[in-house]
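First the structure, in the form of C-alpha cells, and then the observations on it.
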DNA sequence: GAATTAAGATTACATCTGTAATCTTGTGTC
DNA sequence: GACACAAGATTACAGATGTAATCTTAATTC
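Chains as they are written, first to last, in the working numbering: chain A, 459 to 585; chain B, 459 to 585.
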C-alpha cells in the first residue's frame with residue numbers, strides 16, 4: 459500500500475508509465491522510450507528518475523555499473539492514490555457525483571457503456 | 459468555457475467551493491465559512507482570493523468599499539477542466555478504463571449503483 | 001487631529017515542479 | 001599515463017503552491 463502523501467507529479471507520471479510497462483530500464487532506456495512522445499532532454503529524465511527515487515516511488519539497483527529503475531508501487535496503487543486525491547479535491551470525496559459527471563460528459567461508445575454495465579451488474583451481485 | 463491552462467490548486471478549490479455555494483461573499487465571509495472546516499488564517503484566505511482573481515477565476519467587485527468575490531466559471535466548467543487533466547495524466551485520456559477503475563474500487567452503495575445505472579441507461583437511449 | 005483598526009497591497013519564504021546545465025569521476029582510447 | 005566521454009551527483013533557476021507577516025491607507029474613536 460502506498461503510504462499516503464506520496465505525490466506523483468504530471469511529468470513524473472510519464473516516467474512511471476514507462477517503468478510500469480518495462481520495469482528495470484536504465485535512465486537512457488527510459489529516455490529513448492520517451493523521446494518519441496515527449497520532448498524531454500536526457501538530463502530532465504535523469505532528474506525525474508532521481509526525484510522519484512528520493513520520493514521512494516522507484517528503486518534503483520546497480521546492474522553492470524548502471525542504475526536500473528523499478529517501481530516500488532503498482533500502477534493500481536498509484537492510480538488509487540491519485541484518484542482519491544482528485545476525488546476529494548474536486549468532489550469532496552463523493553464517488554457517485556463524480557461517476558455521474560463522467561458518465562454524463564464522456565464520449566462513451568456503446569461498447570464502453572456495455573462494459574460499464576457489465577461491471578456494475580457484476581458488482582451488484584457481489585455485495 | 460474555461461480557456462484551458464487555468465489550474466486551480468487544491469487549496470484554491472476549497473475557496474472556490476465556498477464561492478460557488480455563495481457567490482459574492484467578502485474575504486471575511488469566505489474565511490468564516492472555511493474556519494470551521496479548514497485551519498486557515500484570514501491572511502491565507504486573502505492570498506488565495508487574490509491569486510484566484512489574478513488567474514481570472516474570480517471577479518472582485520467593490521460593494522460598500524468591500525471586495526465581493528464571484529466565480530467567473532461555473533463549478534461544472536472547472537470540474538471539466540480538472541477531470542480532463544486528471545484523466546490524461548493518469549489514464550492517458552481513456553475514459554472507460556477510468557470509469558472501470560472507479561466502479562471497481564469505489565464503495566458504491568446500492569443506491570449509488572442504481573443511480574448510475576439510471577444515468578447509463580438514459581444516455582444509452584439518447585445516443 | 002492623534003491614535004487605532006481593518007481591508008487590501010506587498011512581501012516573504014520554503015517546498016514542489018519543470019526543465020536542464022555543470023561538476024566529478026571512473027573507464028576506455030591513443 | 002593524458003585525454004575524452006558517459007553516468008551519475010550536484011546545482012540552477014523560474015513559476016506554482018501553501019501559508020502567512022508586514023506595510024499602507026482610509027475610516028473610526030477619543
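Built from N, CA and C at the ideal position, the CB exists for glycine as well.
Item to complete: May I ask you to verify whether the region 489-503 of chain B touches the region 552-571 of chain B, counting CB pairs closer than 8 Å and requiring at least 3?
Response: no
Worksheet item: Given residue 481 of chain A, which residues of its chain have a CB within under 7 Å of its CB, disregarding the five upstream and five downstream residues?
Response: 528 and 529
Worksheet item: Taking all protein chains shown into account, do 16 or more other C-beta atoms lie within 10 angstroms of the C-beta of residue 570 of chain B, making it buried, or fewer, making it exposed?
Response: buried
Worksheet entry | Beta-carbon separation (whole angstroms), residue 553 of chain B vs residue 554 of chain A, contact threshold 8 Å | Their Cβ separation, rounded to whole angstroms, is 17 Å, which puts residue 553 of chain B and residue 554 of chain A out of contact at 8 Å.
Worksheet item: Under 8 Å between C-beta atoms, does residue 513 of chain A make it to chain B?
Response: no
Item to complete: With distances taken Cα to Cα, identify the nearest neighbour of residue 533 of chain A among A:567, A:474 and A:464.
Response: A:474
Item to complete: Tell me, please, whether the region 539-551 of chain B touches the region 534-543 of chain A by the rule of three or more beta-carbon pairs shorter than 8 Å.
Response: The region 539-551 of chain B, when compared against the region 534-543 of chain A, does touch it at the 8 Å Cβ threshold.
Discussion item. By the DSSP assignment, the beta strand (DSSP E) with residue 516 of chain A in it spans what residues?
Written reply: 516-521
Worksheet entry | Straight-line gap, residue 465 of chain B to residue 522 of chain A (C-alpha atoms, nearest Å) | Their backbone Cα atoms lie some 43 Å apart in a straight line.
Practice prompt. Please confirm whether residue 500 of chain A and residue 511 of chain A have their CB atoms less than 8 Å apart.
Written response: no
Practice prompt. Leaving out five residues on either side along the sequence, give the residues of the same chain with a beta carbon under 7 Å from the beta carbon of residue 513 of chain A.
Written response: 464
Item to complete: Go ahead and label residue 479 of chain B buried or exposed: buried means 16 or more other beta carbons lie within 10 angstroms of its beta carbon, across all protein chains shown.
Response: It counts as exposed.
Item to complete: Please confirm if residue 531 of chain B has its CB atom under 8 Å from at least one CB of chain A.
Response: no
Worksheet item: Does the beta carbon of residue 471 of chain B sit closer than 8 Å to a beta carbon anywhere in chain A?
Response: yes
Worksheet entry | Interface residues of the region 482-498 of chain A facing chain B [CB-CB below 8 Å] | none
Worksheet item: Quick one: what does DSSP say residue 524 of chain A is sitting in, helix, strand or coil?
Response: strand
Discussion item. Using a 10 Å radius around the Cβ and a threshold of 16 neighbouring Cβ atoms, would you call residue 470 of chain B buried or exposed?
Written reply: buried
Discussion item. Just to confirm my understanding: we take residue 483 of chain B, look at its own chain, exclude 5 residues before and 5 after, and list those with CB closer than 8 Å. What are they?
Written reply: 476, 477, 491, 526 and 527
Worksheet item: What residues from chain A crowd round residue 573 of chain B, counting only those whose CB sits closer than 9 Å?
Response: 554, 557 and 558
Practice prompt. Spell out the partners DSSP gives residue 424 of chain A in its beta bridges.
Written response: In the structure as shown, chain A begins at 459 and stops at 585. Residue 424 of chain A is therefore absent and cannot be evaluated.
Discussion item. Please report the distance separating the alpha-carbon of residue 508 of chain A from that of residue 467 of chain B.
Written reply: Whole-angstrom Cα-Cα distance: 25 Å.
Worksheet item: residue 575 of chain A and residue 578 of chain B: beta carbons closer than 8 Å?
Response: yes
Worksheet item: Which residues mark the beginning and the end of the alpha helix (DSSP H) in which residue 513 of chain B is found?
Response: Segment: none, residue 513 of chain B is in no alpha helix (DSSP H) and carries neither H nor E.
Practice prompt. Could you please give the first and the last residue of the uninterrupted alpha helix (DSSP H) stretch that includes residue 538 of chain B?
Written response: 533-549
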